[in-house]
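In full-length UniProt numbering, the protein residues as written are 1 to 781. What follows is a single structure, written as structure tokens, with notes after it.
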Amino acid sequence: MLSRASTVARVVPPLAQVLGRAFTASATPLGGGKHQRPRFGMSKPGDRERGGQPGRFDRRDRDRDSDRPVESYEHSGQRSFEKRGNGNAYESRGQRFDRRDGGGGGGGYAQRNQRFERGDREERGGRFERDDRFSRGDREDRGDRFQKNDRFEARGDRYQKNDRFESRGDKFQKNDRFESRGERFQKNDRFESRGDRFQKEDRFEAPGRTEQTLAPVESFGDGPLILDKPIHPRDRQQAGPREFPVPKDQATVDRAKRRDFGEFGIRADLLEALGQKFVNGKTTPVQSLAWSSDLMKEPNPAKGPHRAILGAETGSGKTHAYLVPVMQHLKATDNVDSASTAPKGANVQPRALVLQPTHELTRQSAAMAKSFTHHAKLSVVGASTGNYTSVRRAGRIDMLFATATTCKNLLFPQEEANKEASKEASKEASKEASKEASKEAATEAHEEGEQEEVEDNSWPPKKEVVKPPHLDFSRLDWLVLDETDVLLGDAFKEETGAIIERVRAEAPNCNILLVTATLSPALLESIKTNDLLSQKPFAKHLSPGLHQLPTNLETRFVPWSKRGTALTDVAAEVKRGFAEDAMDEKLAADREGAGLLNSKSKAVVFVGTAKKAEQMVKTLLSRDIPTIAWTSDAMSEFKGPKSKSPIRSFLVSHKPERAAVPESPAATETAAAQDENVEPRVLVTTSMLSRGLDFSPAVSSIYLVDPPRNVLDFVHRAGRTARGGYHGRVTLFGLANFSQVRYGDALKGIVRKVSTRQAIVPGARRPDARMAQLRAFKNRQ
Ligand SMILES: Nc1ncnc2c1ncn2[C@@H]1O[C@H](COP(=O)(O)OP(=O)(O)OP(=O)(O)O)[C@@H](O)[C@H]1O
């Protein structure tokens, strides 16, 4: 670059001096670390990036572009080029020229000359020397800077921070909050309208905004889970203290072995339901641990109620692990006569309460529980802010599934009513104000006439507000905190805390179960500091696989390609994944001599914000991949047909199977045609759907476009596939290996299977042997 500047200097000496100064002036900001950040149209005033107003030397020195990491083209190139092509850029460069040379106006040259004349060599000598020094050192300085700023090839963490598409951690988190929390989204979003699920998407991530870690894997034997020793605040966010262990002792490993359902003394009706649902008739490790424990027995009055934590990897059957002991107990202590006398619409008095963070999860878990009630008669209700009516009508409720927010609203109806009332009052006040204004106008217009009465013809007419029922815990026997780490984390601790305090007041002897896939020091601290939750004897049923990704989950790294944009890279990888699934199916069919199933695999793409989700959907749709977005405020046009609840096609249906009603051939045909047309294959979402949801085995791939903030969030997002023993893949974009992940060491420790593809295919679009195979396979079809 310097050589070019010098050439110019030789040709136009006075100009060269000016250029030298101009360069000196621009060298410092240009050399800053920000200059090389790839961005999409995020340039701020004064930002001299490619997308903004670069220094002249950068612009003219075209060769310099070829020195840049190629990725900067991919991710910022398009807009930068647009701007470059814009004549205004040159115009304004000229202006800047003038400004630098003379402090404004078009008389740059004249003023520059004046400056030079004014410029006493001796006086200004220092300046010139400084300029020279910059020029001399320019090559090296700038060379270093480029190396430093090469986000893609070095320092993975910087890249994560600065790639604008790939999210800049906190920035996007903030945006997430902003985008998701407002009530306006609840109101406007008819499809997903009511309920607390759309307040704060970030709520569903690991507690706290800072780095979270998994508790270290240690042998634990009979040692205490809950420490007497307090955690130093400094250690809370770092690697957990050694005392928070995960079992590796032989006794636990033996207890966790898969066993027949019939070995645990489960009631016949529940056993039948289990046998129908899981035809292999075997438990998962966490089920073996829970069902072989005291949880299946009536609590011993001398010892006190059950207190236990169930911890196991994602998709390992924790829901049934807690449902069975709770239902077994509810059935054993069922007094149908007294329960059935509970009048409808009276206080709701559940015997078991399952708290969860999201509405989607509540709905799904309630469906899992209902699938038992066909055999074991129990009344199960799922509550959300929108369906108070069903809670009201239920009369007797054995199991109530609710989000923490809904439950708190039911517990403190007065607070809720006050909030509603103040909302109504402010609406009324604004209406009154506008009425008054129109009255005044009418009076002015008909000063002599009689005042007409203004009718309230407002539309829509006032809705009759369904009064929420009052919840009381006088009959409560079980409290389950599902996704305990989220419920006790910063986001929900107020709601959960209020509920726990009510339990303490009204049902201090109720059994409490904590259920989680990730134990962090912060969570254990929260449990420890709550005497009701940690009341002794406290049992821990932690699967030996806790804090490991499922065995059948393959981890992949796909660096950004050298062409296209991040969005197109993701689209290419999604297509490749589908082709791979199709080939796997074909190979399996050939091997087994069976016919092709022609099953269509699905994928879930996690991005940082709702806006990005929409961009992603557009890109995937433009490549003929049927896609929907499911975020707090995704436009309804991206959510698929409302009537079909498209998200359900990604989830396991836990509805009890009913006797099939034969459909007319015409109806079947129409349904098939519709399915063919609208069945989405990709779901683009944010952290909102990362917790607990039971995605179907058809979801073979999870794509993490924005790397999750920490290892806990990684575990939960990745855990939406490879569930219940099925195979799945999780792909991290923009990273080549573990060392580029901020929490790479922690991640390396929990991954059990890494794809070799990272070695074979360093770029998402490079042709490789596998792709050639895929193409050949596709051509054969
Ligand atoms: N004994 C079993 N045999 C086969 N499949 C099972 C068994 N128990 C549960 N499953 C299935 O495993 C899947 C995952 O179960 P579940 O949703 O309870 O996992 P989880 O551990 O709660 O996951 P997460 O931590 O993500 O919430 C479900 O589809 C469930 O039906």
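Note that CB positions come from ideal geometry on N, CA and C, so glycine has one too. Quantities reported herein were computed from a predicted structural model and do not represent experimental measurements.
When DSSP assignments are scanned along the region 499-566, the uninterrupted stretches of beta strand (DSSP E) that are 3 or more residues long and fall wholly within it turn out to be 511-516, 538-542, 553-558. Contact between the region 369-385 and the region 398-409 is present, with at least three C-beta pairs closer than 8 Å. When Thr686, Leu732, Glu272 are compared, the shortest CA-CA separation from Leu704 is found for Leu732.
For Ile647, no pairing in a beta bridge is given by DSSP. Excluding its 5 nearest sequence neighbours in each direction, Tyr726 has C-beta neighbours in its own chain below 7 Å: Asn552, Pro697, listed in chain order. As the crow flies, the alpha-carbon of Met688 is around 11 Å from that of Asp713. Counting of Cβ neighbours within 10 angstroms places Arg591 among the exposed residues, the total staying below 16. The C-beta distance from Ser622 to Ser700 rounds to 23 Å, too long to meet the 8 Å contact threshold. Nearest Cα to Ser371 within the set Ala722, Leu271, Lys528, His359: Leu271. Annotation: Pro305 to Thr627 spans about 48 Å, alpha carbon to alpha carbon. When Val754, Ser526, Lys408, Val741 are compared, the shortest CA-CA separation from Val503 is found for Lys408. Your pair Asn530 and Pro299 does not check out as a contact, with CB atoms roughly 19 Å apart and the cut at 8 Å. Each of Ala517, Ser520, Leu481, Asp472 was checked against the Cα of Ala505, and the nearest Cα belongs to Asp472. The Cβ atoms of Ile702 and Phe557 lie no closer than 9 Å to each other.
In the three-state scheme derived from DSSP, where H, G and I count as helix and E and B as strand, Gln356 is classed as strand.
A contact between stretches requires three or more CB pairs, one per stretch, nearer than 8 Å, and the region 287-294 meets this requirement with the region 257-267. Around the C-beta of Leu587, fewer than 16 other C-beta atoms lie within 10 Å, and the residue is accordingly described as exposed.
Taken from the Cβ of Gly489, every heavy atom of ligand 1 lies 8 Å or farther away. The shortest CA-to-CA distance from Thr609 to any of Val684, Pro646, Glu360, Leu651 is the one to Val684. When distances are taken from the beta-carbon of Gln287 to the heavy atoms of ligand 1, the shortest one is below 8 Å. Taking C-beta separations shorter than 7 Å and ignoring five residues to either side along the sequence, the partners of Thr619 in its chain run Leu567, Thr568, Ala571, following chain order. At the C-beta level, Lys536 and Arg307 come within 9 Å of one another. At a threshold of 8 Å, Met296 does not count as near ligand 1, since its beta carbon sits no closer than that to any of the ligand's heavy atoms. Per DSSP, Thr627 is one residue of the beta strand (DSSP E) stretching across 627-630.
A distance of 9 Å or more separates the beta carbons of Leu479 and Leu330. Val570 sits in a helix when the DSSP states are folded into three classes.
No heavy atom of ligand 1 is found nearer than 8 Å to the CB of Lys655.
With a cut-off of 8 Å, the C-beta of Gly545 is classified as distant from ligand 1, since no heavy atom of the ligand falls inside that distance. Non-local beta-carbon contacts of Glu679 in its own chain, meaning distances under 7 Å to residues more than five positions away in sequence, involve Pro626, Ser649 in chain order. Look at Leu330 here: in three-state DSSP terms it is helix. Put simply, the backbone Cα of Thr516 is about 51 Å away from that of Glu432. Straight-line measurement puts the Cα of Leu488 at about 39 Å from the Cα of Asp581. Ser520 has its alpha-carbon roughly 15 Å from the corresponding atom of Arg709. Annotated three-state conformation of Lys602 is strand, per DSSP. Listed in chain order, the non-local C-beta contacts of Asp694 below 7 Å within the same chain comprise Gln364, Leu651, Val652, Arg723, local neighbours out to five positions each way being set aside.
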